[in-house]
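Asker: For the sequence shown, our numbering begins at 885 and goes up steadily by one. Think of the CB as a built atom: it goes at the ideal place given N, C-alpha and C, for glycine as much as any other residue. Predicted model, so just to flag it, every value in this text is computed and none were measured. Following this message is one structure expressed as structure tokens.
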Amino acid sequence: MEEAAAAADMNGGVHQSRFRRVCVFCGSSSGKRRSYRDAAVELGKELVARKVDLVYGGGSLGLMGEVAEAVHNGGGHVIGVIPTTLMGKEVTGETVGEVREVGSMHERKAEMARRSDAFVALPGGYGTLEEVVEVIAWAQLGIHAKPVGLLNVDGYYDFLLAFVDKAVADGFIPPSHRHLFVSAPDAPSLVHKLEEYVPGSTR
């Protein structure tokens, strides 16, 4: 795993994180590849190992459910934020951790951002893409300086990386803003990059 060894300390353990809470954006579907579900579980376990709380969209379905269950089952704290209108669509059975109902999607995103120290996007659809691009845009505008990472499972986000490179090449994104987010193919490598992220760096 890329840079995974760098995330471990000299005794083979995992460094204490500088983050208290990480927000995870992901699909309310599981996708067609087992690797997506495996990545969600691996990310949840990585957060638990670093004693980092999970903030997420509050659903019990799909990758949202996978990452929440992984954190909860590992003894970590889970904070779900979900609009009342989506309770019947994204929640089935019992939820885990703390669930906060809000009045709208705008409130959901604002609350998740307010409560988090960093952002990670697992694979997902329109909603996931919109959420992660928005927090990248907020970083570009100086609204926050929190790290943002793409968990690029099986090259899922290669299209977005190519889009950003094209936008930089064609003059729509300043070259220095190419590095407003990081990406990695697995959870340990990605979390390590988030831990090392310095706003304004060209890493």
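Within the chosen definition, does the region 1029-1046 reach the region 1000-1012 through at least 3 CB pairs nearer than 8 Å?
Answerer: Touching, yes.
Asker: Could you give the distance in angstroms between the alpha-carbon of S988 and the alpha-carbon of V1037?
Answerer: Sequence index remark: in the sequence shown, residue 988 carries index 104 (1-based). Sequence index remark: in the sequence shown, residue 1037 carries index 153 (1-based). Distance between the alpha carbons of S988 and V1037: 30 Å.
Asker: Following the continuous alpha helix (DSSP H) through E1078, name the residue where it begins and the one where it ends.
Answerer: Numbered from its first residue, the sequence shown carries residue 1078 at position 194. The question names Glu, yet the displayed sequence has Leu at residue 1078. A1071 to E1080 is the extent of the alpha helix (DSSP H) around L1078.
Asker: Looking at the unbroken alpha helix (DSSP H) that takes in V1052, where does it start and where does it end?
Answerer: Position 168 of the sequence shown, counting from 1, holds the residue named residue 1052. Where V1052 is concerned, the enclosing alpha helix (DSSP H) stretches over D1042 to A1053.
Asker: Cβ atoms of E985 and S944: under 9 Å apart, would you say?
Answerer: Looking up residue 944 in the sequence shown gives position 60. Looking up residue 985 in the sequence shown gives position 101. Their beta carbons are not under 9 Å apart, which means S944 does not touch E985 by this criterion.
Asker: Assign G964 to one of three DSSP states: helix, strand, or coil.
Answerer: The residue you call residue 964 lines up with position 80 of the sequence shown. Three-state DSSP puts G964 in a strand.
Asker: If you draw a straight line from the C-alpha of C910 to the C-alpha of G946, how long is it?
Answerer: Position 26 of the sequence shown, counted from the first residue, corresponds to residue 910. Position 62 of the sequence shown, counted from the first residue, corresponds to residue 946. Computed Cα separation, rounded: 8 Å.
Asker: Report the rounded CA-to-CA distance for T1086 versus V939, giving the unit in angstroms.
Answerer: Looking up residue 1086 in the sequence shown gives position 202. Looking up residue 939 in the sequence shown gives position 55. The predicted model places T1086 with a pLDDT of 43, which falls under 50 and marks its position as unreliable; any figure quoted below should be read in that light. Going by the C-alpha atoms only, they are around 28 Å apart.
Asker: I need the DSSP call for F903, collapsed to helix, strand or coil.
Answerer: Taking the sequence shown and counting its residues from 1, one reaches residue 903 at position 19. Correct three-state label for F903: coil.
Asker: Answer with buried or exposed for L1025, where buried requires no fewer than 16 other C-beta atoms within 10 angstroms of its C-beta.
Answerer: Taking the first residue of the sequence shown as position 1, residue 1025 is located at position 141. By the neighbour-count rule (16 or more Cβ atoms within 10 Å), L1025 is not buried but exposed.
Asker: In its own chain, which residues sit with a C-beta less than 8 Å from the C-beta of R921, not counting the 5 before and 5 after it?
Answerer: Here residue 921 corresponds to residue number 37 of the sequence shown, with the count starting at 1. Closer than 8 Å at Cβ, skipping near neighbours: S914, G915, L947 and E950.
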